[in-house]
Each structure stands twice: as C-alpha cells, then as structure tokens.
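Top line first, the protein sequences correspond to chains A and B. So for the first sequence, my numbering puts the first residue at 319; every next one is plus one. So for the second sequence, my numbering puts the first residue at 319; every next one is plus one.
2 protein chains.
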Amino acid sequence: MTKNELNETLSSLRREYEEYVSKNLKLDMSRGKPGATQLNLSMSILNEVNADSEMKASDGTDCRNYGLLDGIPEFKALYSELLGVDPQNIIVFGNSSLNVMFDYISQCMTHGAGSTPWLLQGKIKFACPVPGYDRHFSILEYFGIEMINIPMLEDGPDMDLMEEVVKDSSVKGFFCVPKYSNPEGKTFSDDVVRRIAALKPAANDFRILWDNAYSEHDLYDNSDELLNVFEECKKCGSEDMIIEIASTSKISFPGAGVAVLAASSKNIETIKKRMFVQTIGYDKLNQLRHTRYLKNKAGVKVHMQELAAVLRPKFKIVLDTLEEQLGGTGLAEWLKPNGGYFISLDVLDGCAKRAVELCKQAGVILTPAGATFPYGKDPRDRNIRIAPTFPPVEELKIAAALLCLCVKIAGVEKLLSE
Amino acid sequence: MTKNELNETLSSLRREYEEYVSKNLKLDMSRGKPGATQLNLSMSILNEVNADSEMKASDGTDCRNYGLLDGIPEFKALYSELLGVDPQNIIVFGNSSLNVMFDYISQCMTHGAGSTPWLLQGKIKFACPVPGYDRHFSILEYFGIEMINIPMLEDGPDMDLMEEVVKDSSVKGFFCVPKYSNPEGKTFSDDVVRRIAALKPAANDFRILWDNAYSEHDLYDNSDELLNVFEECKKCGSEDMIIEIASTSKISFPGAGVAVLAASSKNIETIKKRMFVQTIGYDKLNQLRHTRYLKNKAGVKVHMQELAAVLRPKFKIVLDTLEEQLGGTGLAEWLKPNGGYFISLDVLDGCAKRAVELCKQAGVILTPAGATFPYGKDPRDRNIRIAPTFPPVEELKIAAALLCLCVKIAGVEKLLSE
Chain A
319 MTKNELNETL SSLRREYEEY VSKNLKLDMS RGKPGATQLN LSMSILNEVN ADSEMKASDG
379 TDCRNYGLLD GIPEFKALYS ELLGVDPQNI IVFGNSSLNV MFDYISQCMT HGAGSTPWLL
439 QGKIKFACPV PGYDRHFSIL EYFGIEMINI PMLEDGPDMD LMEEVVKDSS VKGFFCVPKY
499 SNPEGKTFSD DVVRRIAALK PAANDFRILW DNAYSEHDLY DNSDELLNVF EECKKCGSED
559 MIIEIASTSK ISFPGAGVAV LAASSKNIET IKKRMFVQTI GYDKLNQLRH TRYLKNKAGV
619 KVHMQELAAV LRPKFKIVLD TLEEQLGGTG LAEWLKPNGG YFISLDVLDG CAKRAVELCK
679 QAGVILTPAG ATFPYGKDPR DRNIRIAPTF PPVEELKIAA ALLCLCVKIA GVEKLLSE
Chain B
319 MTKNELNETL SSLRREYEEY VSKNLKLDMS RGKPGATQLN LSMSILNEVN ADSEMKASDG
379 TDCRNYGLLD GIPEFKALYS ELLGVDPQNI IVFGNSSLNV MFDYISQCMT HGAGSTPWLL
439 QGKIKFACPV PGYDRHFSIL EYFGIEMINI PMLEDGPDMD LMEEVVKDSS VKGFFCVPKY
499 SNPEGKTFSD DVVRRIAALK PAANDFRILW DNAYSEHDLY DNSDELLNVF EECKKCGSED
559 MIIEIASTSK ISFPGAGVAV LAASSKNIET IKKRMFVQTI GYDKLNQLRH TRYLKNKAGV
619 KVHMQELAAV LRPKFKIVLD TLEEQLGGTG LAEWLKPNGG YFISLDVLDG CAKRAVELCK
679 QAGVILTPAG ATFPYGKDPR DRNIRIAPTF PPVEELKIAA ALLCLCVKIA GVEKLLSE
C-alpha cells in the first residue's frame, strides 16, 4: 500500500472504531475466569456434603475436625490417577495452587532447598519461559529473584538456551505451564520434557515449578499428551528438581476448589515439615465434596467434556474472528490451542500496548500488554493474551471484532510512522 | 507423713494404677479438639450453600469465581462486630488462623515489618508468655527466633519483666492468647492490656501476635471481658504493633472454618501487598456459608451458648475430680477458667513428665509435659495441659481420675526420693 492508501485505510478504520466507542461497551477479556454457564455445571458438588452427609473420610477421619495434614486419602487417590504419581508423593492443600507455589518459594527463601536459605545467598535468578504467566513472575519479583527471559519455541522453552543459562549457579530454577501453556496453549514435546529431566544445573538447589494447571483441560477429543515428568526424571535421578502443582480451580470453582502438589519423597518430607508448623490441616470437607462428585479420572473426563462444550464455541468465535479480520494481513500471528484458557496473539512489533489501550478506551479490558513477560516488559511489545472464557458468546463476538480493529489501527499507524 | 506411711500410700496407689492398666484404655485428652456432639450442633451451616443457593455475596461478587482478595463484605461485617474493629481493618482468610500467623511471621522474615527483613538482621528474639500455646513456639523455633520466657501472672504476662525485655532491640515481639489463655484460661486484665499498648520497644519493627482464638468462647453467663486492644493502642499511637487473629475453628468446624486478621491500616496494606502475590483469593463459598448461618454477634452468641452447654459438664467433671482427688493434698494447683478450651494443672516441681508418662502407659494421652513452654522445656517440669473438650463425658471421668492418680504417684515418688 502507498502512504495515501494507508492513510485512507486508517481513516476508515477510525470511523469504524468511533462506532464502537459510541456503544459504551463494558466487556472484560482480561483474566482466565470461567463464565457463569460453566460454573453452573459444577453446582452438584455443593450438595455432596450437607447436614445429613457422612462426615468421615475413607480412613475414618472426621473431616469436620482438626487433623490429616496432607489431605484425605480419596482426594490423594484421585490426583494420583490424574497425575500418574504415587499417593504418598501427593499433598492436598486449600483452594489456591498459586498459594502453594508462593509458599514453596517462600520456604526456599527462608529455609533453602536442601541448601543455604535463598535469601542468604545474595543475588539469585530464575529462568522464565516467555511469554508466560504473570502471577509466576509476580512471585519472583516479590522475593527479589532476578528473571531471565527464555523464549518459548514451538514445542516448549528454548532448551539450548536453558541448558546454557543453568550453568550459572545463581540460577535456581524456573516456573512453567507444561500443558496448554499460559498464554500460548502450547504443550511441551516429549523431547523438551526429556531435556528438562536431563538438565544438570550448577545449583544443587535448583527447582522447577511444574504448574500443571491445565492437565485435564482439553477442548477437543484429540487432546495434547504430556509426558509424565517424574518418570523421565527417575531415569536421570533428578526427581528432586520437580515440584508439580495442579488444582480443581478450573474443574470445579476457581474460588472454592482444591489444590495439590506432587514431588519426590525428599521434597514431600521438607514441605510437610514446614506444613506441620504452618497449619493443623486444610479444609477436608471441601476435599470430601470434590471426591464424592468427581470420583476418579473417568469422572473428571466426563465433567471436563461438559465444560469443553461450553468453552469450544468461545474459542471458535475468537479464532474465526482473528482469521476473518487479520488472516493474511501480516499484521498478526496466533496459534489454535487444543486446550487451556488462552489464545496468544502476536501483533507487529511495538503495537501491543497501543492496541490494548485502544480496546480499553472503547470499553474492552484485555490483560495489560507486557503482562506475559517478567517485570511487565515485553521486549518487542507484541504479545497480547486473549482470555475468551469469561464473557458470554455474544459479548465475545463484539470484543474479538473490536480487538482485531484495534490491532489493524495500531499496525497501520506503525506502518505510517516508519 | 513418715517415710513408711508414704511407702504404704505409694503401694496402694500403684495397686489402683494397675487396675487402670488392666482396663486397656485408649483415651485422648491431648488436643483442644471439639467432640462429635459439639460438631453436630453446627451441621446446618453445611446446608446454607447448596446447588440451589444464591451464589452472590452482598456486593454482587460470584463467590464461586476468582476475586475479592480480602473476603466477602458480610463476613468482614460479622467480625467487625465481634472484634470491635473497622471492616476496612479486617482481612478474611482460609480455614486456619495458625496459617495466618505463620504467614505473617514468614512475611516479616523475608520482607521485614517496615524494616530490614528479620532473616537479614542476625539473631532476633521473641518474648514468650509461659505457659503458652505450643504451636506459637513451633513457628518461632521453625524460623530460628530465640525465645525468652515471660511468666504469666494472675492477670496476664509479667509486665515488669516484659517492659525490661523489650529494651533489647533484637526482641521483635510476642505471641499471646489474651482471652481464656492457652493453657491457663486467664484473661488479660485492663491494666495489662493498657501496659501492652503503652510498650515502647527498642525495635521499631516490634509485632504482637494477638491470638484472640477464644474471643467468643464463654462457658458461663458471667464471662470474662477483654479490653479492645486497638482502642488502647490508639491512645498511645501504637496500633502498628498489633496483629490480631481470630477464627471460627471452635465456633463451627476446626477443619473447615474461616480465619480473620485485624490490624492497623498500615499493616493491612503490607499484608495485602503480599496476599496479592500469594493468592487470587480464599474460599468465599465457605465465608458465605458461615455468615448465612451465624448472621451477626447475636447469632454467634446463641450458637456459642449451645456449644457451652456441651462443654460445661466436661469442664465440671475434670474440675470436680481434681478437687475431690487432689484438693488440699498440696500436690497440685489449678484454676477454674470461665471459657476457652483448657485446664492448666501445676503439679509438684519435677513431676509433670512422670505423671504424663504414667497416664500414657495406662492408655490416656495428654499433651506432652513441657509442650506449654518454648523448646518443650518446662524449667520446673510441673505444668500439664488438660484438654477436656474431645472425649465423651464417660471417658473423661475415667481419664481425669487416672490423671489425678498419676499426679499422686509422681508426687509421692518425689517426696520419697528427697
């Protein structure tokens, strides 16, 4: 296009944009929250424990009372089946897997990981696959841990770079979402999982926070398959590197689910030592509710298929709109994930902030540009995380169309300024 | 008594003891857990949130979903009324007040209390009113904080000594249970509360963990009254010293209740800053369940009176047995608490461990002797914590009688050895 043509295009796009502005929209595509329709599908869970229910867990523990620090046996059994980990290597927590990760990092800061407390080691660092989950970065930033960007390739983090970076003994680990990654929806390939298990970090207190948040969250029948990281680590004798975390937050209720951690026997022991001082036990009635409803892996699968039926049309609207509006323009790139909660959109370099700002001014809130990178700084200012799960389908149509328009405006503005 | 008389007494006591041993008892008076009868009185709470309930909090928040970091407004309002603190100065947590305290100390270790992180300050110390709650001591021991014994007097900790001890800037605070203290059931007098509020510690990052675990836990109509510590602190400008903690653990269910924290606006701000990184929010459905059932202060009072009716006979059996068996013998001293969960028994110096061990060998588990002191070391080996709430009345009768017998045996053994 000539400069004149670009200017004309921009004028026309801006007219279209003004129409959106005049609609006084108030839509939110910012966070990976389930919508009400989806939450309604889990309501029976709440009837599983009532005033007339049996209050005892399978081992006879009265779930109303104190005790059973590491969770009721039937909930451990459920996640043992889901994650392919021995029940003895599982601890059941409260409602937040983020809290489990924060507490583990905090434990490393004050008590180390079989080492000197991290806080007493001077400057320490974490590798950060990017784009990634903003809440992981926030934990690291809060504890003053320096973050090093490791780009995500097609099948997981750039392992050549990772293998280099971990030669520095001040690098203590990394967070990752190995299945349906946040925000790209990528699943680590078998090769990447094997290379992670085979890592030989210089730090002997290196820890990988394996945030398997979307372990059961397939959108379609042909789901991604993730290798069992502990099986691979066993071959390399590196099980102590992995702290796996999962939860029912997006299986049942984000605000009232149950989180779990899986780890080597050695790590389980140090975590329990801390927990024994920290609490007398987590909410066992909620664990009971969940296992009575979900039952086992087959039960979870049926339930997740019901949720997927609600989520598929939402992902389809966004992906169709992207294709219709931006396909072939060269203004953006994206992937079609097989599960998880996000679609990651890469726009022209330097255009993400502008596009998100334009959306905001027209009443559509997106995750802030940059949030998918450490310190909120996307070096190329191009990544936008789309969370299509919360808005109802009709609102989503409007929000997705507006986003495409804003990406075009930002893109054309950029081309004109060059 | 002559040595011969003592020997005869001991033989007779031992014959009595052997009869208990032959009964193969298996009783537990070790922890302050409610019994089943008491828990059954709270069952309706579980029906307050079911599949047909309204899921929204009073501010419109869907309690099933993410969000509302510091708790639903109606739960804050409930504890605002109970503790006499502005709702803005309250944060609602998960099921464990112990966890709230642990996390706060952990926060001070890694981020300080408006100061250098405690972990980077070298050796730091806490004052410890003794006898006290073993779980408080465990937190301090876990974080390597040195503990200094401050004896409990009739109306609270020895404030003359406390005022001396806090002149050392490495002394960073203390834990206390100001109402119906654990284990003695003492309530701090107005004078003690005022002297605490007026403390001028050398450390500018001094914190008092005001563990108001039994704020509503009266056994009788003429209950103890505790001054509102924040009101007193306001007069001295010392509100930042106090972190108050409370919970419904012994109002509803120990394993599935709701904990709260009350603090100055400045402290609330730093705690929320940490929480924002640590979690997306605690279980709001459980907060909803609890407020719908308990409603307000009047509702809590009615409920607690029902619980007290179950607890009173249990306290009476133990106190009556102590009076019948040990009254006037000079072998033991105890107080009659007006609330809380414990009876504290002081036996002859050097006899607590032996008495508890004798009970154990006859099948009655008590809190380990020494547990009510830092590092598990009772300098006079004389304090025994009795937890009368868990066993049914009939079992309690036997356990209390056995305990008195063991106290006598240990006492006579001691007299004989002198």
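Cβ coordinates follow ideal geometry from the N, Cα and C atoms, glycine included. Predicted, not measured: the structure shown is a model, and the values here were computed from it.
inquiry  = For LYS564 (chain A) and ASP529 (chain A), I'd like the C-alpha separation in whole angstroms.
reply    = Taking the first sequence and counting its residues from 1, the one referred to as residue 564 (chain A) is at position 246. Taking the first sequence and counting its residues from 1, the one referred to as residue 529 (chain A) is at position 211. The amino acid occupying residue 564 (chain A) in the given sequence is Ala; Lys does not appear at that position. Those two C-alpha atoms are separated by around 6 Å.
query = Taking C-beta to C-beta, are GLU392 (chain A) and LEU545 (chain A) nearer than 9 Å?
reply = Taking the first residue of the first sequence as position 1, residue 392 (chain A) is located at position 74. Taking the first residue of the first sequence as position 1, residue 545 (chain A) is located at position 227. Against a cut-off of 9 Å, the Cβ pair of LEU545 (chain A) and GLU392 (chain A) comes out as no contact.
inquiry  = If the cut-off is 7 Å on Cβ atoms, which residues from the segment 356–367 of chain A count as contacting chain B, listed in chain order?
reply    = LEU357, MET361, SER362, LEU364, ASN365 and VAL367
message = Using the Cβ count rule (16 or more neighbours within 10 Å means buried), how would you classify ALA616 (chain B)?
response = For the purposes of this step, residue 616 (chain B) is taken as residue 298 along the second sequence, with counting starting at 1. Its Cβ having fewer than 16 others within 10 Å, ALA616 (chain B) is exposed.
task = Mind the definition here: the segment 724–734 of chain A touches the segment 644–654 of chain A only if three or more C-beta pairs lie below 8 Å; say whether that holds.
result = yes
task = Name the one or two DSSP bridge partners that GLU562 (chain A) has.
result = Here residue 562 (chain A) refers to the residue found at position 244 of the first sequence. Looking at the DSSP assignment, GLU562 (chain A) forms a beta bridge with A:TRP528 and A:ALA580.
ask   = Taking the beta strand (DSSP E) that VAL410 (chain A) falls in, what are its first and last residues?
value = The residue given as residue 410 (chain A) occupies position 92 in the first sequence. 408–410 is the span of the beta strand (DSSP E), which, as asked, contains VAL410 (chain A).
request  = Flag this pair as touching only if the segment 581–593 of chain B and the segment 376–383 of chain B have three or more C-beta atom pairs under 8 Å; answer yes or no.
outcome  = no
key: From B:SER371, B:GLU372, B:ASP370 and B:ILE363, residue whose alpha carbon lies closest to that of SER371 (chain A)   = Counting from one through the first sequence, the residue named residue 371 (chain A) turns up at place 53. Comparing Cα-Cα distances from SER371 (chain A) to each of B:SER371, B:GLU372, B:ASP370 and B:ILE363, the minimum goes to B:ILE363.
inquiry  = Tell me which residues share the same chain as ASP473 (chain B) and place their Cβ nearer than 6 Å to its Cβ, disregarding the 5 neighbours each side in the sequence.
reply    = Along the second sequence, read from residue 1 onward, the residue named residue 473 (chain B) stands at position 155. Same-chain partners within the cutoff: SER507 and VAL510.
request  = Answer with buried or exposed for GLY450 (chain B), where buried requires no fewer than 16 other C-beta atoms within 10 angstroms of its C-beta.
outcome  = Indexing the second sequence from 1 puts residue 450 (chain B) at position 132. GLY450 (chain B) comes out buried.
task = Check whether the Cβ atoms of LEU663 (chain B) and ILE716 (chain B) sit closer than 9 Å, and answer yes or no.
result = To locate residue 663 (chain B), count along the second sequence from 1; it is residue 345. To locate residue 716 (chain B), count along the second sequence from 1; it is residue 398. No, the Cβ-Cβ distance between LEU663 (chain B) and ILE716 (chain B) is not below 9 Å.
query = So what's GLY694 (chain A) in DSSP terms, helix, strand or just coil?
reply = Along the first sequence, read from residue 1 onward, the residue named residue 694 (chain A) stands at position 376. It is helical.
task = Evaluate the contact criterion for the segment 419–432 of chain A versus the segment 626–644 of chain A: three or more CB pairs, one atom per stretch, below 8 Å.
result = no
message = Could you tell me which whole alpha helix (DSSP H) segments of length 4 or greater appear in the segment 412–484 of chain A?
response = 415–429, 452–460 and 477–483
query = To which residues does DSSP link LEU345 (chain A) through a beta bridge?
reply = If you number the first sequence from 1, residue 345 (chain A) lands on position 27. Answer by DSSP bridge pairing, in chain order: A:VAL682.
Local Cβ density within 10 Å of GLU543 (chain B), reported as buried at 16 or more and exposed below that = Residue 543 (chain B) sits at position 225 when you count from the first residue of the second sequence. So GLU543 (chain B) counts as exposed.
message = With DSSP as the reference, identify every bridge partner of ALA650 (chain B), one or two as the case may be.
response = The residue labelled residue 650 (chain B) in the question sits at position 332 within the second sequence. Beta-bridge pairing links ALA650 (chain B) to B:VAL665.
ask   = Nearest to ASP404 (chain A) by CA position, among A:LEU579, A:GLY668 and A:LYS671, is which residue?
value = Your numbering for residue 404 (chain A) matches position 86 in the first sequence. Among A:LEU579, A:GLY668 and A:LYS671, the Cα nearest to that of ASP404 (chain A) belongs to A:LEU579.
inquiry  = Would LEU357 (chain A) and ASN383 (chain B) qualify as a contact pair, given that the criterion is a beta-carbon distance under 9 Å?
reply    = Sequence index remark: in the first sequence, residue 357 (chain A) carries index 39 (1-based). Sequence index remark: in the second sequence, residue 383 (chain B) carries index 65 (1-based). Yes, they are a contact pair.
query = Is the Cβ of ASN413 (chain B) closer than 9 Å to any Cβ of chain A?
reply = Counted from its first residue, the second sequence places residue 413 (chain B) at position 95. For ASN413 (chain B), the answer is yes, since a Cβ of chain A falls inside 9 Å of its Cβ.
ASN604 (chain A) in three-state terms, based on DSSP = Position 286 of the first sequence, counting from 1, holds the residue named residue 604 (chain A). DSSP places ASN604 (chain A) in helix when its eight states are reduced to three.
ask   = What are the residues that DSSP puts in a beta bridge with LYS374 (chain B)?
value = One-based indexing of the second sequence puts residue 374 (chain B) at position 56. In the DSSP output, where bridge partners are listed per residue, LYS374 (chain B) has B:ASP380.
inquiry  = Let's see if you can read the secondary structure: which residues bound the beta strand (DSSP E) around PHE493 (chain A)?
reply    = Residue 493 (chain A) sits at position 175 when you count from the first residue of the first sequence. It spans 489–494 - the beta strand (DSSP E) in which PHE493 (chain A) sits, taken as one unbroken run.
message = On the DSSP bridge list, what partners appear for GLY704 (chain B)?
response = By one-based count along the second sequence, residue 704 (chain B) stands at place 386. Correcting the residue type first, residue 704 (chain B) is Ile in the shown sequence and not Gly. Note: ILE704 (chain B) sits in a beta bridge opposite B:ILE661.
key: Residue from A:SER583, A:VAL547, A:ILE561 and A:ASN614 with nearest C-alpha to ILE569 (chain A)   = Counting from one through the first sequence, the residue named residue 569 (chain A) turns up at place 251. Cα-wise, what sits closest to ILE569 (chain A) is A:ASN614.
ask   = If ARG512 (chain B) sits next to GLU550 (chain B), beta carbons under 8 Å apart, how far is it from one beta carbon to the other, in whole angstroms?
value = Here residue 512 (chain B) is taken as the residue at index 194 of the second sequence, counted from 1. Here residue 550 (chain B) is taken as the residue at index 232 of the second sequence, counted from 1. Their Cβ separation, rounded to whole angstroms, is 5 Å, which keeps ARG512 (chain B) and GLU550 (chain B) in contact under 8 Å.
query = Under 9 Å between C-beta atoms, does ASN407 (chain B) make it to chain A?
reply = The sequence position of residue 407 (chain B) within the second sequence is 89, counting from 1. By this cut-off, ASN407 (chain B) is not an interface position.
task = Round the Cβ separation of VAL489 (chain A) and ALA445 (chain A) to the nearest angstrom and send it over; I've been treating them as touching at under 8 Å.
result = Within the first sequence, the letter at position 171 stands for residue 489 (chain A). Within the first sequence, the letter at position 127 stands for residue 445 (chain A). Contact flag correct, Cβ pair sits at about 6 Å.
inquiry  = Tell me the DSSP secondary structure of ASP536 (chain A) in three-state form.
reply    = Numbered from its first residue, the first sequence carries residue 536 (chain A) at position 218. Reduced to three states, the DSSP call for ASP536 (chain A) is strand.
task = Pull up the distance between the alpha-carbon of LEU537 (chain A) and that of LEU400 (chain B), whole angstroms please.
result = On the first sequence, position 219 is the one that residue 537 (chain A) refers to. On the second sequence, position 82 is the one that residue 400 (chain B) refers to. Roughly 47 Å separates the two Cα atoms.
request  = Please classify SER567 (chain A): is it buried, with 16 or more other beta-carbons within 10 angstroms of its beta-carbon, or exposed?
outcome  = Residue mapping note: residue 567 (chain A) aligns to position 249 of the first sequence, counting from 1. Buried is the call here.
query = Are the Cβ atoms of GLU534 (chain A) and VAL547 (chain A) separated by less than 9 Å?
reply = Mapped onto the first sequence, residue 534 (chain A) falls at position 216. Mapped onto the first sequence, residue 547 (chain A) falls at position 229. For GLU534 (chain A) and VAL547 (chain A), no; Cβs fall outside 9 Å.
ask   = What is the DSSP secondary structure of GLU543 (chain A), counted as helix, strand or coil?
value = As a first step, residue 543 (chain A) is located in the first sequence; it is residue number 225 there, counting from the start. Here GLU543 (chain A) sits in coil by DSSP.
task = For my contact list, LYS443 (chain B) and GLU464 (chain B) are in at a C-beta cut-off of 8 Å; report their separation, rounded to the angstrom.
result = The count along the second sequence starts at 1 and reaches residue 443 (chain B) at position 125. The count along the second sequence starts at 1 and reaches residue 464 (chain B) at position 146. Indeed they touch by this definition, with Cβ atoms about 4 Å apart.
query = For a contact meaning CB atoms closer than 8 Å, what does ARG349 (chain B) contact in chain A?
reply = Taking the first residue of the second sequence as position 1, residue 349 (chain B) is located at position 31. Chain A residues near ARG349 (chain B): TYR384.
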